[in-house]
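One line per chain: the protein sequences are A and B, in this order.
Just so you know, we're using my numbering here: the first sequence kicks off at 1 and counts up by one.
Just so you know, we're using my numbering here: the second sequence kicks off at 266 and counts up by one.
Backbone N, C-alpha and C fix where the C-beta goes; we use that ideal spot for every residue, glycine too.
I have placed the structure first, in the form of structure tokens, so that the comments after it can refer back to it.
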Amino acid sequence: MPADAVAFLLRRVGRATQNSVSRLGFAARFFALVLYHSPAAFKRIGLTMREIYFSGVLSLVIIMVSGMFVGMVLGLQGYDALNKYGAGDSLGIFVGLSLVRELGPVVAGLLFASRAGSAVTAEIGLMKTTEQIDAMEMMAVDPLARIVAPRFWGGVVSMPLLAALFSVAGVFGAYVVGVRLIGVDNGTFWGNMRAGIDFWPDITNGIIKSVVFGTAVSLIAVFEGYVATPTAEGVSTATTRTVVGASLAILALDFILTVFMFRGV
Amino acid sequence: MNRSTIDLWVGIFVVIGIGAIVFLALRVGNLTSLQTSPSYHLEAAFDNIGGLKLRAPVKAAGVVVGRVEQVRFDPKTYQAAVTMKIDDGYQFSKDTIASILTSGLLGEVYIGLDAGGDTQMLADGGRITKTQSAVVLEKLIGQFLFDKAAAGGGK
Numbered sequence: 001m002p003a004d005a006v007a008f009l010l011r012r013v014g015r016a017t018q019n020s021v022s023r024l025g026f027a028a029r030f031f032a033l034v035l036y037h038s039p040a041a042f043k044r045i046g047l048t049m050r051e052i053y054f055s056g057v058l059s060l061v062i063i064m065v066s067g068m069f070v071g072m073v074l075g076l077q078g079y080d081a082l083n084k085y086g087a088g089d090s091l092g093i094f095v096g097l098s099l100v101r102e103l104g105p106v107v108a109g110l111l112f113a114s115r116a117g118s119a120v121t122a123e124i125g126l127m128k129t130t131e132q133i134d135a136m137e138m139m140a141v142d143p144l145a146r147i148v149a150p151r152f153w154g155g156v157v158s159m160p161l162l163a164a165l166f167s168v169a170g171v172f173g174a175y176v177v178g179v180r181l182i183g184v185d186n187g188t189f190w191g192n193m194r195a196g197i198d199f200w201p202d203i204t205n206g207i208i209k210s211v212v213f214g215t216a217v218s219l220i221a222v223f224e225g226y227v228a229t230p231t232a233e234g235v236s237t238a239t240t241r242t243v244v245g246a247s248l249a250i251l252a253l254d255f256i257l258t259v260f261m262f263r264g265v
Numbered sequence: 266m267n268r269s270t271i272d273l274w275v276g277i278f279v280v281i282g283i284g285a286i287v288f289l290a291l292r293v294g295n296l297t298s299l300q301t302s303p304s305y306h307l308e309a310a311f312d313n314i315g316g317l318k319l320r321a322p323v324k325a326a327g328v329v330v331g332r333v334e335q336v337r338f339d340p341k342t343y344q345a346a347v348t349m350k351i352d353d354g355y356q357f358s359k360d361t362i363a364s365i366l367t368s369g370l371l372g373e374v375y376i377g378l379d380a381g382g383d384t385q386m387l388a389d390g391g392r393i394t395k396t397q398s399a400v401v402l403e404k405l406i407g408q409f410l411f412d413k414a415a416a417g418g419g420k
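Right, here's the structure in full:
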């Protein structure tokens, strides 16, 4: 009897492993196929423009407002903590570094995954459910070139710009709280920030991070939509998987990238 | 929504996004550090470099004239050999004194150069012979206590 139970458990572990490995392999092949079909997305640039509009432009408000609030909170909490050691003047460098290096790419990426990634997954999943993708294949239109590649590249292009805007909004929020409200000297705030933050490596590494996150979120979003079970439940599961998977991917990739980028600094 | 409206909005989005990156580069960050102006190297040996780090500033009269490029331990002299990268525009005389200083009590550690009166200038790869080590606070306190004790014993 126990031998049966053990075999049963082992079989389940084995099946789960096989499933995830084949899914991973399919995702990698899918990524290669999307890249292969990418020239079509640039040839018909209007399609990609449309996706940049939907995932980039329409995410602007939430990104800017969140950035502002994050910056304002950083300003208040940072000043409170720094002032205990008489270092309230370093508020600018504290806020700038945390936004440019970490919070800008990461929080903008998380918001982007929930705002734009989930929408892309739901859209592609629903197209599959309503057999639009099959219809396209019947008409000899490649859905990867027509549907998936523009959405993928729309996300990859939008994400770094959104992350930079998030950082700028955050710096502005910290400026409002730190300089206008608390009364840190204006010149000290900007001067310390500029003295402590270098274009290379701080800002360039932030941009590299946001490009990586944009690629990861977009790939997960289009993949989950494309492999979604074509039912109402399947689409909702796929949307959830996109948000959970993309958020975890962002946080894990952020750790890995940070280890490589800032270990020696 | 028609094509030209979408193009317009995407155009606005891309322009302000690139504007944000430029703002980060110029206003938040320090783009000038990207430029590699022509420079030459100087070396100096210190008994103790304290908390000196790579890329720490080298200052003369408070103005940043270069950066620390390399710090290593010389096993023959038991001293720290520091290589500095100095901007080509600045020349220093052969009897320049290099000292390791701290801005404020907890501030960053940097190398201060005090120019001497020699008419000959240090060339690329030149060596600053007159150096002053970092002041180690713990040693200073120990010295102070020792002196106090000695003075008290003499009474």
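key: the region 270-301 of chain B: positions lying closer than 8 Å to chain A by Cβ   = I271, D272, W274, V275, I277, F278, V279, I281, G282, I283, A285, I286, F288, L289, A290, R292, V293, G294, N295, L296, S298 and L299
request  = Determine the closest residue to B:A346 out of B:G390, B:A325, B:Y355 and B:K413, with distance taken between C-alpha atoms.
outcome  = Locating residue 346 of chain B in the second sequence gives position 81, counting from the first residue. Considering only alpha carbons, the answer is B:G390.
task = Could you give the DSSP three-state label for B:M386: helix, strand or coil?
result = Numbered from 1 along the second sequence, position 121 holds the residue referred to as residue 386 of chain B. Strand, per DSSP.
inquiry  = Using 8 Å as the threshold, is the C-beta distance between A:F199 and B:A290 below it?
reply    = Translated into the one-based positions of the first sequence, residue 199 of chain A becomes position 199. Translated into the one-based positions of the second sequence, residue 290 of chain B becomes position 25. Yes, these two residues count as a Cβ contact at 8 Å.
query = So which of A:V227, A:V235 and A:W190 has the shortest CA-CA distance to B:F288?
reply = Translated into positions along the second sequence, residue 288 of chain B becomes position 23. Considering only alpha carbons, the answer is A:W190.
Residues of the region 211-226 of chain A with Cβ closer than 7 Å to any Cβ of chain B, in chain order = none
task = Please report the Cβ distance between A:I124 and A:I147, rounded to the nearest whole angstrom; I am assuming they are in contact, meaning their Cβ atoms lie under 8 Å.
result = Taking the first residue of the first sequence as position 1, residue 124 of chain A is located at position 124. Taking the first residue of the first sequence as position 1, residue 147 of chain A is located at position 147. With 8 Å as the limit, A:I124 and A:I147 qualify as a contact, their Cβ atoms being about 6 Å apart.
query = Is A:T231 helix, strand or coil when you go by DSSP?
reply = Taking the first sequence and counting its residues from 1, the one referred to as residue 231 of chain A is at position 231. Coil.
query = Going straight from the alpha carbon of A:T17 to that of B:M349, what length do you get?
reply = Here residue 17 of chain A refers to the residue found at position 17 when the first sequence is read from its first residue. Here residue 349 of chain B refers to the residue found at position 84 when the second sequence is read from its first residue. Going from the Cα of A:T17 to the Cα of B:M349 covers about 55 Å.
ask   = Closer than 8 Å, Cβ to any Cβ of chain B: which residues of the region 46-67 of chain A, in chain order?
value = G46, M49, R50, I52, Y53, G56, V57 and L60
ask   = Whose CA, out of A:R241, A:L253 and A:Y226, lies closest to the CA of A:L126?
value = As a first step, residue 126 of chain A is located in the first sequence; it is residue number 126 there, counting from the start. Nearest C-alpha to A:L126: A:Y226.
query = What residue range is occupied by the uninterrupted alpha helix (DSSP H) comprising A:S210?
reply = Residue 210 of chain A sits at position 210 when you count from the first residue of the first sequence. T204 to Y226 is the span of the alpha helix (DSSP H), which, as asked, contains A:S210.
request  = Reducing DSSP to helix, strand and coil, say where A:Y36 ends up.
outcome  = Here residue 36 of chain A corresponds to residue number 36 of the first sequence, with the count starting at 1. Residue state, collapsed to three classes: helix.
query = Can you name the residues that DSSP bridges to B:A309?
reply = In the second sequence, the residue the question calls residue 309 of chain B occupies position 44. In DSSP, B:A309 forms a bridge with B:V347 and B:I393.
query = Name the chain A residues whose beta carbon is nearer than 9 Å to that of B:R268?
reply = Numbered from its first residue, the second sequence carries residue 268 of chain B at position 3. By Cβ distance, chain A contributes G46, M49 and R50.
key: Interface flag, A:I250 vs chain B, CB-CB below 8 Å   = Stepping through the first sequence from its first residue, residue 250 of chain A is reached at position 250. With 8 Å as the cut-off, A:I250 does not count as an interface residue toward chain B.
ask   = By how many angstroms is the C-alpha of A:V6 removed from the C-alpha of A:R15?
value = Mapped onto the first sequence, residue 15 of chain A falls at position 15. Mapped onto the first sequence, residue 6 of chain A falls at position 6. Between A:R15 and A:V6, the C-alpha separation is close to 14 Å.
query = What is the residue span of the beta strand (DSSP E) that B:K324 lies within?
reply = By 1-based counting over the second sequence, the position of residue 324 of chain B is 59. Looking at the DSSP string, the run of the beta strand (DSSP E) that includes B:K324 is P322 to A325.
task = Give, in chain order, every residue of the region 167-193 of chain A whose Cβ lies closer than 8 Å to some Cβ of chain B.
result = S167, V168, V171, W190 and M193
message = Along the chain, where does the alpha helix (DSSP H) containing B:G377 start, and where does it finish?
response = Position 112 of the second sequence, counting from 1, holds the residue named residue 377 of chain B. It is not in any alpha helix (DSSP H) - B:G377 instead sits in the beta strand (DSSP E) that spans V374 to D379.
key: Span of the beta strand (DSSP E), counted from its first residue to its last, around B:L289   = In the second sequence, residue 289 of chain B corresponds to position 24, counting from 1. Premise fails: B:L289 is in no beta strand (DSSP E) and is neither H nor E.
request  = Measuring only between beta-carbons, confirm whether A:V100 sits less than 8 Å from chain B.
outcome  = Sequence index remark: in the first sequence, residue 100 of chain A carries index 100 (1-based). Cβ-Cβ to chain B under 8 Å: yes for A:V100.
query = Is it buried or exposed for A:S210, if we count other Cβ within 10 angstroms and need 16 for buried?
reply = Residue mapping note: residue 210 of chain A aligns to position 210 of the first sequence, counting from 1. It counts as buried.
task = Note down the Cα distance separating A:V168 from A:P201, rounded to an integer number of angstroms.
result = Within the first sequence, numbered from 1, the residue matching residue 168 of chain A stands at position 168. Within the first sequence, numbered from 1, the residue matching residue 201 of chain A stands at position 201. Approximately 18 Å, taken between the alpha carbons.
key: Paired residues, beta bridge with B:R337 - DSSP   = Walking along the second sequence from the start, residue 337 of chain B turns up at place 72. Per DSSP, B:A346.
key: Per DSSP, cross-strand counterpart(s) of B:S304   = The residue you call residue 304 of chain B lines up with position 39 of the second sequence. Answer is B:D352, bridged to B:S304.
inquiry  = Is the separation between the beta-carbon of A:R101 and that of A:N205 shorter than 8 Å?
reply    = Residue mapping note: residue 101 of chain A aligns to position 101 of the first sequence, counting from 1. Residue mapping note: residue 205 of chain A aligns to position 205 of the first sequence, counting from 1. Going by C-beta atoms, A:R101 is nearer than 8 Å to A:N205.
Where the beta strand (DSSP E) containing B:T367 begins and where it ends = The count along the second sequence starts at 1 and reaches residue 367 of chain B at position 102. B:T367 -> beta strand (DSSP E) spans I362 to T367.
inquiry  = With distance defined between alpha-carbon atoms, name the residue in B:G282, B:A380 and B:F278 nearest to B:F357.
reply    = For the purposes of this step, residue 357 of chain B is taken as the residue at position 92 of the second sequence. Ranking B:G282, B:A380 and B:F278 by Cα distance to B:F357 puts B:A380 first.
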